[in-house]
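A.B. asks: Okay, handing you the structure first.
There are 2 protein chains.
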Amino acid sequence: MSDAAPAPEELGLRERKKILTRETIASAAFELAQEHGLDDVTVSDIAERAFVSPRTVSNYFHSKEAAIVAADENEPMEMLAGFEDRPHDEPALQSLRTVLAGSVRSWSDEHAQRLRAKEQLIDRAPALLPHRMAQYDELEDAIRHAVAKRTGVDPETDAFSRLIAGAASAAVKTAVRMWMNSDAGPDALAALVEQSFDELESGLHHDA
Amino acid sequence: MSDAAPAPEELGLRERKKILTRETIASAAFELAQEHGLDDVTVSDIAERAFVSPRTVSNYFHSKEAAIVAADENEPMEMLAGFEDRPHDEPALQSLRTVLAGSVRSWSDEHAQRLRAKEQLIDRAPALLPHRMAQYDELEDAIRHAVAKRTGVDPETDAFSRLIAGAASAAVKTAVRMWMNSDAGPDALAALVEQSFDELESGLHHDA
DNA sequence: CGCATTGTTGCGTGTTGAGCAACAAGCGTG
DNA sequence: CACGCTTGTTGCTCAACACGCAACAATGCG
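Protein chains in written order, with this note's numbering: chain S, 883 to 1090; chain X, 883 to 1090.
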């Protein structure tokens, strides 16, 4: 579950199949919701398009909403890849700025476009919002653990890692919200992320 | 019944009754979940304890989870009462610090205790987490609109109000998480809120 | 004091989430 | 390479749920 440092990422066939199934279900759910609207999609519909049984859909997600929101989502751990390699004397906020902006910038145009569409769908179907918020919470958790690990503190009891994780997550969220109604690509999103981090670094004084 | 309802305004009887019903249902839901665990509570149980029909529970909340999380919740607008009265030349972050910390400090010990219990319950029942995150999002929205209103910008397109709202919300969340496993009162929570805002103001440099 | 408005309730229905047991598809070991 | 162990998938079943609808009751207003 929580890959520490070891590199052995040779996944068995089983694991890969599971991941593929999960992605297929999520994509099917998202596409259907986009086509017919959230209320006119059932788990049976999703199952059918994903070539699995309805029961299997339930095995992967507690609800169709969770499945929809999971589509094309970036693993928080992937978003933070490279954080450990940053110089440890660099301020954490700056490391996060570099890594997160870089991660966003590496997205393909297609991936970015799907994420934009997903954000727009969530705005149209408010029932999805809690689940998206939970995803930001996962990102926040990943950041928090990464920061705590670097500074050698307990992620549960350390206030600073919590706060910086929340702030960094808010920076990403802000950038996404600003970007989602434009027609710009990943580069523009990355620039917005950097801009948000700049304001955080300067203590959120309005002139930024 | 069990709650000292904060509905002091001169609302019609109808409005007050609705608010009371909502609070009664939410409290019933929370108490039952605390007593028996989330999975062993049905909407019928909740309805029974709240002296309403199951159908009415559905009228107020889309799910029992939403009802549970709504218990003893502070209206975001109330949390921000007084923000408009702060001097307009004061940095927004400082105004928020004062208002939010003050709001938290004014809570009764009982209210604080119930909120703590709710946080603990949410940790035990992860299915509640998305809904709590959505509540933080509501707080964030309220902050965003308040800040945008003061500076006269469009809350939808202005990046700064989004970011500061997210950061302030993260400050509150951080404080609550740090506080929830202690046995301290509202004053201690308020102090933690102020501490988080201090770190935000100083640009999140670790020495804070 | 009626009439319009609006909250509450019961009913019916399509959907959901999950436990269970059977089956099949990886996987490890000898 | 074949056997058994582990684990993902499926169909079945059922309690619970969300919600539209229409009747009813309480409130608010003129």
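The beta-carbon is built from N, C-alpha and C at its ideal position, and this holds for glycine as well.
Taking Cβ positions, are ALA1049 (chain X) and ALA1009 (chain S) nearer each other than 8 Å?
C.D. replies: Contact flag unset, no.
A.B. asks: Taking C-alpha atoms, which residue in X:LEU1071, X:GLY1067, X:VAL1029 and X:THR1039 lies nearest to ASP967 (chain X)?
C.D. replies: For the residues X:LEU1071, X:GLY1067, X:VAL1029 and X:THR1039, the minimum Cα distance to ASP967 (chain X) belongs to X:VAL1029.
A.B. asks: Can you pull the chain S residues whose beta carbon is under 8 Å from the beta carbon of THR1056 (chain X), in chain order?
C.D. replies: Chain S residues near THR1056 (chain X): ALA1041, ARG1044, LEU1045 and GLY1048.
A.B. asks: Which residue from S:GLY1067, S:PHE1042, S:TRP1061 and S:GLU1083 puts its Cα closest to that of HIS1088 (chain X)?
C.D. replies: Out of S:GLY1067, S:PHE1042, S:TRP1061 and S:GLU1083, S:PHE1042 has the C-alpha closest to the C-alpha of HIS1088 (chain X).
A.B. asks: Would you verify that the beta carbon of PRO1012 (chain S) is, or is not, closer than 8 Å to some beta carbon of chain X?
C.D. replies: It does: the Cβ of PRO1012 (chain S) has a partner Cβ on chain X nearer than 8 Å.
A.B. asks: Within this structure, are the beta carbons of VAL939 (chain S) and ALA949 (chain S) separated by less than 8 Å?
C.D. replies: Against a cut-off of 8 Å, the Cβ pair of ALA949 (chain S) and VAL939 (chain S) comes out as a contact.
A.B. asks: If you follow the alpha helix (DSSP H) that LEU1021 (chain X) is part of, which residue opens it and which one closes it?
C.D. replies: Looking at the DSSP string, the run of the alpha helix (DSSP H) that includes LEU1021 (chain X) is 1011 to 1033.
A.B. asks: With a cut-off of 8 Å on the beta carbons, I'd call VAL1091 (chain X) and ALA1053 (chain X) a contact; round off their distance for me.
C.D. replies: The structure shown does not extend to residue 1091 (chain X), since chain X spans only 883 to 1090, so no value can be given for it.
A.B. asks: So, under 8 Å CB-CB, ALA1016 (chain S) and LEU1011 (chain X) are touching, yes? Tell me the CB distance rounded to an integer number of Å.
C.D. replies: Confirmed, Cβ separation roughly 6 Å.
A.B. asks: At the level of alpha carbons, what is the spacing between ALA1066 (chain S) and ALA932 (chain X)?
C.D. replies: Approximately 51 Å, taken between the alpha carbons.
A.B. asks: Using a C-beta cutoff of 8 Å, does MET1062 (chain S) count as contacting chain X?
C.D. replies: No, because no Cβ of chain X sits closer than 8 Å to the Cβ of MET1062 (chain S).
A.B. asks: Give the range of the alpha helix (DSSP H) segment to which ALA1052 (chain S) is assigned.
C.D. replies: Unbroken alpha helix (DSSP H) run through ALA1052 (chain S): 1041 to 1061.
A.B. asks: Quick check: what's the CA-CA separation for LYS946 (chain S) versus ALA929 (chain S)?
C.D. replies: Their Cα atoms are separated by approximately 10 Å.
A.B. asks: Secondary structure at LEU962 (chain S), three-state DSSP: helix, strand or coil?
C.D. replies: Note: LEU962 (chain S) maps to coil in three-state DSSP.
A.B. asks: Nearest CA to the CA of ASP1005 (chain X): which residue from X:GLN916, X:GLU957, X:ALA983 and X:ASN941?
C.D. replies: Ranking X:GLN916, X:GLU957, X:ALA983 and X:ASN941 by Cα distance to ASP1005 (chain X) puts X:GLN916 first.
A.B. asks: Is DSSP giving LEU1086 (chain X) helix, strand or coil here?
C.D. replies: Correct three-state label for LEU1086 (chain X): coil.
A.B. asks: Helix, strand or coil: how does DSSP classify ASP954 (chain X) here?
C.D. replies: Coil at ASP954 (chain X), not helix or strand.
A.B. asks: Pairs of beta-carbons, one from the stretch 904 to 919 of chain X and one from the stretch 953 to 967 of chain X, closer than 8 Å: are there three or more?
C.D. replies: They touch, by the three-pair rule.
A.B. asks: Exposed or buried, what is SER988 (chain S) when buried is set at 16 or more other beta-carbons lying within 10 Å of its beta-carbon?
C.D. replies: When all chains shown are included, SER988 (chain S) counts as exposed.
A.B. asks: Using a C-beta to C-beta distance shorter than 7 Å, which residues of chain X count as neighbours of HIS1087 (chain S)?
C.D. replies: By Cβ distance, chain X contributes PRO973.
A.B. asks: Under a Cβ-count criterion, where at least 16 other Cβ atoms within 10 Å of its own Cβ denotes burial, should ALA1047 (chain S) be classed as buried or exposed?
C.D. replies: So ALA1047 (chain S) counts as buried.
A.B. asks: Only counting the same chain, and skipping five residues up and downstream in sequence, which positions put a Cβ closer than 6 Å to that of VAL923 (chain S)?
C.D. replies: LEU914 and ALA915, listed in sequence order.
A.B. asks: At least one CB of chain S closer than 8 Å to the CB of GLU1081 (chain X): is that the case?
C.D. replies: Closer than 8 Å: yes.
A.B. asks: For a contact defined as C-beta to C-beta under 7 Å, what are the partners of ARG1059 (chain X) on chain S?
C.D. replies: Result: ARG1044.
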